[in-house]
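Taking my numbering, I'd label the letters of the sequence shown as residues 2 to 229.
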Amino acid sequence: MAVRRWNFLLTLFTLLSISLPLQAADEKVAPLNEAPAGLSAEIAAAISDSGYRITDASGIVCDLWFARDLPLKPKFKANLRVKYPLQAGQLVGVIRYPASSKPNDFRGQALKPGTYILRYGLQPDDGNHLGTSDIRDFLVGCPPDKDKSPARISDVKQLFKLSAGAAGTSHPAIFLLIPPPEQPVEGATVVHDTEKHLLIFQASAPGKDGDKAVPIPFKIVTVGKSDG
């Protein structure tokens with residue numbers, strides 16, 4: 002009787018284990034002591050020499066670097082719709098996907114493996130949201146062979162057209178930003194949202210408010226797409 006009960010419990014445990022969603026323990030983030038390649042000299046000079054590498058059980062997921070310093074938007078105050086103290090078109094960093102990967106942006110547009118310049122964007126305030134976040138903040142990926150200056154791209158149409166070249170479509174390549182923690186974070190973490198199938202990278206970037214250093218916490222969706 003005891004053996005039969007044990008076998009039943011073992012079978013039940015096995016079935017429950019199989020049905021559990023993928024756990025975040027498979028994904029890790031570690032410091033990366035190298036600079037990204039394939040950038041213009043001007044962009045390269047504006048990007049940190051060290052970054053972060055996200056891995057999972059199969060290998061490298063992606064690498065990320067922040068800009069050396071991110072000037073804060075003057076007199077910025079966060080609200081319900083805008084959480085990041087940046088200006089549209091501002092250089093934020095770089096993301097790189099390995100040759101063996103099949104990346105996509107948050108719209109589900111296929112991207113080629115390789116390196117993309119990340120710039121800050123604001124979704125038009127027209128109620129047409131991306132489906133997972135209520136905030137307007139996001140990043141756009143731009144091809145490094147076209148995006149060669151670290152200067153802010155203030156023309157939104159020009160920014161979106163430049164980013165669309167990364168996806169090879171008429172739509173910009175979108176990387177979703179999630180509302181950041183209220184306080185800067187130490188180190189870097191990666192979380193797997195198993196419900197929405199998103200891989201979320203969290204770290205603080207080196208911001209600058211005038212001459213004052215101000216860390217800016219970021220939460221960036223590096224893998225995954227909108228349900229809508």
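Just so it is clear, CB atoms sit at the ideal spot from N, CA and C, and this is done for glycine as well.
Next on the checklist: Quick test of your reading: glutamine 159 and valine 186, contact by CB under 8 angstroms. State the CB separation rounded to the nearest angstrom.
Outcome noted: Taking 8 angstroms as the upper bound for CB-CB distance, glutamine 159 and valine 186 are not in contact here, some 33 angstroms apart.
Checklist entry - Under a three-way DSSP split, which group does serine 171 fall into? => result coil
Next on the checklist: Between the alpha carbons of alanine 73 and valine 215, how many angstroms are there, rounded?
Outcome noted: It is worth fixing the name first, because residue 73 is leucine in this sequence and not alanine. Whole-angstrom Cα-Cα distance: 8 angstroms.
Item to check | For arginine 120: DSSP bridge partner residues | outcome: Leu92 and Val141
Item to check | Residue closest to histidine 198, alpha-carbon to alpha-carbon, out of Arg137, Lys226, Arg69 and Asp126 | outcome: Lys226
Checklist entry - Where glutamate 183 and lysine 220 are concerned, what is the direct C-alpha to C-alpha distance, given to the nearest angstrom? => result Glutamate 183 and lysine 220: Cα-Cα distance of roughly 12 angstroms.
Checklist entry - What does DSSP give as the partner residues of valine 83 in its beta bridges? => result Per DSSP, none; premise fails for valine 83.
Checklist entry - Any idea what DSSP makes of serine 44, helix, strand or coil? => result A small fix is needed here, since residue 44 is isoleucine in this sequence, not serine. Helix at isoleucine 44.
Checklist entry - Which residue's Cα is closest to the Cα of alanine 45: Leu81, Asp27 and Leu92? => result Leu92
Item to check | Supposed close pair glycine 90, arginine 120 - CB separation, criterion 8 angstroms | outcome: Right, the Cβ-Cβ distance comes to about 6 angstroms (below 8 angstroms), so this counts as a contact.
Next on the checklist: According to DSSP, simplified to helix, strand and coil, what is tyrosine 53?
Outcome noted: strand
Checklist entry - Which residues in the same chain as aspartate 70 place their Cβ atom closer than 6 angstroms to its Cβ, once the five residues preceding and following it in sequence are excluded? => result Around aspartate 70: Pro207 and Lys209.
Checklist entry - Does DSSP put glycine 39 in a helix, a strand or coil? => result In the structure shown, glycine 39 sits in coil (DSSP, three-state: anything other than H, G, I, E or B).
Next on the checklist: Would aspartate 64 and leucine 33 qualify as a contact pair, given that the criterion is a beta-carbon distance under 8 angstroms?
Outcome noted: yes
Checklist entry - Roughly how many whole angstroms lie between the Cα atoms of glycine 52 and aspartate 146? => result Looking at the backbone, the Cα of glycine 52 and that of aspartate 146 are separated by about 21 angstroms.
Checklist entry - Among the residues of its own chain, which have a CB less than 7 angstroms from the CB of alanine 25, if the five just before and after it don't count? => result Residue confidence for alanine 25 is low, a pLDDT of 48 falling below 50, so the modelled location carries little weight and cannot support an answer.
Next on the checklist: Excluding the 5 residues flanking serine 155 on each side, which residues of the same chain have their C-beta closer than 6 angstroms to its C-beta?
Outcome noted: Gly90
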